[in-house]
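Participant: Protein chains in written order, with our numbering: chain X, 1 to 241; chain U, 242 to 581. Ideal Cβ placement from N, Cα and C applies to all residues, glycine included. My questions will all concern the structure given below.
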Amino acid sequence: MSFQRFIRNDVLPLGWCPGCGLHALFYATCEVLDELDKTNTIIVSGIGCTARGAGFFNLDSVHGIHGRAIPLAVGVKAVNPDLNVVVFSGEGDITGIGGNHLLHVARRDDNIVVICNNNEVFAMTGGQSSPTTRIGGKTLTAPEGNVMQPLNIQGIITSNKRFFYARATPVFKEHLKECLKQAFEYDGFVFVEIVFPCIENYSKKMDQTIACVLKDLKGKYKICNENRMLKDDELGIFRSE
Amino acid sequence: MKKLLSGNEAIVEGALVAGLKFFSAYPITPASDIMQGIVKKQEQVKFIQAEDEIAAVNMCIGASLAGAKVMTATSGPGFSLKQETIGLAFKLPTPLVIVNSQRVGPSTGMPTLGSQGDILQSKSGSHGDYVNIVLYPNSVEECFRYTIEALNAAEESLSPVILLSDGMLSHIYETVDLDSIKYSLKNRKRKPLGEEKRHFTGLLSKNDRPQTKDSQVYREWYYERKKKILDVAEKYNFYEYIENKNADTLLVAFGITSRIILPLKKKYSIFRPIRMFPVIEELKEIAKKYSKIIVIEMNDGQYRHELEAFLKRDIYSVTQLGGKISLKEIENELSKIYSE
Ligand SMILES: Cc1ncc(C[n+]2csc(CCOP(=O)(O)OP(=O)(O)O)c2C)c(N)n1
Ligand code: SF4
Ligand SMILES: [Mg+2]
């Protein structure tokens, strides 16, 4: 078998911009689904560049409304617990407009996986500030640079008694795949944060080419193999058990 | 066996009989006791108390796509929050029943006095063009009966169905013999999530692929969807017509208001839509017999406007605002119309 069985053959080439991290994230996800033979997977998304990905998987998928992928996924899982229910959406969708659902899905420890692509902006609408834009990040709504502190997603997830939080980037593909593998095998609520800035509507504004972005990600992040709270420049998995 | 039930309790009973498998809601009076009723039936129905009304209705969407008959229940403020998702259910499409026990709005209004202020919202509160079936019972027995029909209509039309109630109807108690009520059940043919490789999306799409720039595709999709719902609606053609051969005036009323004005049948004919939307076609013929049509409702003339457009003639309005309804007041208002 091959990971290609998880890709709809009529969607290629994928509609994302050249150089966008979503391509590599999507392929890595398909590879892991293939390796674990997770044909019982359902992809659920909200609205945004990332969310469009739901329609690229050769699986039953639901592309709902902005911010509401999590409750929709919870409803699917509630009715059919045998399904591997995966949310694939952006950080604006999941931590902004849908933030309340994130708090409560983590509290309830509902058995779904959230893959949240954190590109630091509302990419689809042209690059406005999102809850995770870094201080100094230039966006359509903060042209002089964002001054508000970014949301601490790890803090929110890991404030619960039982939790699974992972941070990965497609730049370190094997590590990303290892995170996704553990995520799909975990019993409970899983949050996988993918870090990769939006190239088209963010990095370019800060005069960063794709090459710069890749180099920065490689230079910034170290993989942490200990089970503990990750520092801002670390990738890894922090889980309660 | 006869039972003493409230309107809300009868809705729970009806939903169970109809095969409800998933229910999610967020507390709000006067709808909360529907949720409380479901809580006691968790061996039959998967229940989640959601973090808000938007979550509740989106959980319903997911559960519905996963194959379950689903329902949520709320009142005005929560009904407003659910509007965006009604459009999603229409588009995907997927069956969904929303109970709205109306209370006085706008905003927090006069909690939790009954009202009929959400008539228009129940028809077109979500953005964009869509059609949906709206049912409105007026007794405890009917709450049972039309909850079953609402779930049936949702299954048949693969679309959102609104079951209206009001603060009074939710909480009146009446004796009913549920066993004597005849009904049939509708079940979905579409396979649940996980059995195929479909892409359900709120975007306009063709053959499972987003097609967001093609007006022709939109038009074909929209008219087909609309026709499907209108065709199904015809099978749910519920209304009551009490004809008074001596009357030249037709009163139109629904929900709790239709109960209050029942004594007026001695003087007037009364038309009571149970399927509020799409508006009952037969009303066109019935209306021809009357020189005056007067809609009596607990809002500022919402259904009156609908009927004016539907019947293409002037229609009088008697309104009962602010959570209070009185037959005496209504009779006074009617006599004013006659002295004009
Ligand atoms: C209720 C609602 N508000 C606003 C929008 C417009 N909108 C579409 S995508 C989006 C932001 C998406 O950002 P994110 O979730 O980070 O996804 P990305 O495009 O960055 O992957 C917004 C605000 C919408 N579709 N619905
Ligand atoms: S706009 Fe940004 S996030 Fe969207 S596809 Fe392009 S690079 Fe990726
Ligand atoms: Mg984003």
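Output needed in chain order: residues of the stretch 70-86 of chain X with a Cβ under 7 Å from some Cβ in chain U.
Facilitator: 71, 72, 73, 74, 75, 76, 78, 79, 80 and 83
Participant: Could I get the ranges of all uninterrupted beta strand (DSSP E) runs contained in the stretch 406-491 of chain U, with 3 residues as the minimum, in chain order?
Facilitator: Qualifying beta strand (DSSP E) stretches, in chain order: 414-418, 440-442 and 480-483.
Participant: Looking at the structure shown, is residue 63 (chain X) part of a helix, part of a strand, or coil, going by DSSP?
Facilitator: Correct three-state label for residue 63 (chain X): strand.
Participant: Could you tell me whether the Cβ atoms of residue 385 (chain U) and residue 313 (chain U) are closer together than 8 Å?
Facilitator: no
Participant: Closest by CA to residue 344 (chain U), which one among U:357, U:336 and U:333?
Facilitator: Here the closest residue by C-alpha is U:357.
Participant: For residue 95 (chain X), does the three-state DSSP call read helix, strand or coil?
Facilitator: helix
Participant: Going by C-alpha to C-alpha distance, which of U:416, U:411, U:321 and U:518 sits closest to residue 471 (chain U)?
Facilitator: Closest by alpha carbon: U:518.
Participant: Identify each residue in the stretch 422-443 of chain U for which the Cβ-Cβ distance to at least one residue of chain X is less than 8 Å, and report them in chain order.
Facilitator: Under the 8 Å Cβ criterion, the stretch 422-443 of chain U contributes 433, 434, 435, 436, 437, 438, 439, 440, 441, 442 and 443.
Participant: Please state whether DSSP places residue 203 (chain X) in a helix, a strand or coil.
Facilitator: helix
Participant: In terms of alpha-carbon separation, which member of U:526, U:291 and U:255 lies closest to residue 323 (chain U)?
Facilitator: U:291
Participant: At a Cβ threshold of 8 Å, is residue 54 (chain X) touching chain U?
Facilitator: For residue 54 (chain X), the closest Cβ of chain U is nearer than 8 Å.
Participant: Name, going along the chain, the residues of the stretch 290-317 of chain U whose beta-carbon falls closer than 7 Å to a beta-carbon of chain X.
Facilitator: 291, 292, 293, 295, 296, 299, 300, 301, 302, 303, 304, 306, 307, 308 and 309
Participant: Any heavy atom of ligand 3 within a distance shorter than 7 Å of the CB on residue 394 (chain U)?
Facilitator: Exclusion of residue 394 (chain U) from the 7 Å shell around ligand 3 follows from its C-beta lying no nearer than that to any non-hydrogen atom of the ligand.
Participant: Please identify the residue among U:287, U:353 and U:272 whose C-alpha is closest to the C-alpha of residue 563 (chain U).
Facilitator: U:353
Participant: Which residues mark the beginning and the end of the alpha helix (DSSP H) in which residue 538 (chain U) is found?
Facilitator: Run containing residue 538 (chain U): none in the alpha helix (DSSP H); it sits in the beta strand (DSSP E), 533-538.
Participant: Do residue 11 (chain X) and residue 55 (chain X) have their C-beta atoms within less than 8 Å of each other?
Facilitator: yes
Participant: Who are the near neighbours of residue 267 (chain X) in its chain, counting only those whose CB is closer than 8 Å to its CB and skipping five residues on each side?
Facilitator: Since the first and last residues shown for chain X are 1 and 241, residue 267 (chain X) lies out of range.
Participant: Is residue 91 (chain X) near ligand 3, with its Cβ less than 7 Å from a heavy atom?
Facilitator: yes
Participant: Thinking C-alpha only, which one of U:466, U:572 and U:365 is nearest residue 509 (chain U)?
Facilitator: Here the closest residue by C-alpha is U:572.
Participant: Would you grab the beta carbon distance between residue 329 (chain U) and residue 302 (chain U) for me? Rounded to a whole angstrom, and I think it's under 8 Å.
Facilitator: 6 Å
Participant: Taking a contact to mean a Cβ-Cβ separation below 8 Å, would you say residue 89 (chain X) touches residue 46 (chain X) in this structure?
Facilitator: Taking the C-beta atoms as reference points, residue 46 (chain X) is found nearer than 8 Å to residue 89 (chain X).
Participant: Compare the Cα-Cα distances from residue 149 (chain X) to each of X:160, X:164, X:84 and X:133 and report the closest residue.
Facilitator: X:133
Participant: Taking 7 Å as the cut-off, is the C-beta of residue 199 (chain X) nearer than that to any heavy atom in ligand 2?
Facilitator: yes
Participant: Is there a C-beta anywhere in chain X that falls below 8 Å from the one on residue 617 (chain U)?
Facilitator: The requested residue 617 (chain U) is not part of the displayed model; chain U covers only 242 to 581.
Participant: Establish whether the CB of residue 23 (chain X) and some CB of chain U are separated by less than 8 Å.
Facilitator: no
Participant: From the DSSP output, read off the bridge partner residues of residue 195 (chain U).
Facilitator: This structure cannot speak to residue 195 (chain U), because chain U is shown only from 242 to 581.
Participant: Give a yes or no on whether the minimum CB-CB distance between residue 320 (chain U) and chain X is below 8 Å.
Facilitator: no
Participant: Using the Cα positions of residue 127 (chain X) and residue 219 (chain X), report the straight-line distance between them to the nearest angstrom.
Facilitator: 24 Å
Participant: Give me the DSSP bridge partner(s) of residue 90 (chain X).
Facilitator: X:117
Participant: For residue 249 (chain U) versus residue 411 (chain U), is the C-beta distance shorter than 8 Å?
Facilitator: A contact, by the Cβ cut-off of 8 Å.
Participant: Of all the options U:272, U:315 and U:476, which has the alpha carbon lying nearest to the alpha carbon of residue 397 (chain U)?
Facilitator: U:476
Participant: Would you kindly work out how many angstroms separate the C-alpha atoms of residue 530 (chain U) and residue 489 (chain U), rounded to a whole number?
Facilitator: Between the C-alpha atoms of residue 530 (chain U) and residue 489 (chain U) there is a straight-line separation of about 7 Å.
Participant: How should residue 95 (chain X) be labelled, buried or exposed, when 16 other C-beta atoms within 10 angstroms of its C-beta is the threshold for buried?
Facilitator: buried
Participant: Indicate whether residue 287 (chain U) and residue 74 (chain X) have their beta-carbon atoms separated by less than 8 Å.
Facilitator: no
Participant: Flag residue 48 (chain X) as yes if its beta-carbon sits less than 8 Å from any beta-carbon of chain U, otherwise no.
Facilitator: no
Participant: Regarding residue 252 (chain X) and ligand 1, is the C-beta to nearest heavy atom distance less than 7 Å?
Facilitator: Outside the shown range of chain X (1 to 241) lies residue 252 (chain X), about which nothing can therefore be said.
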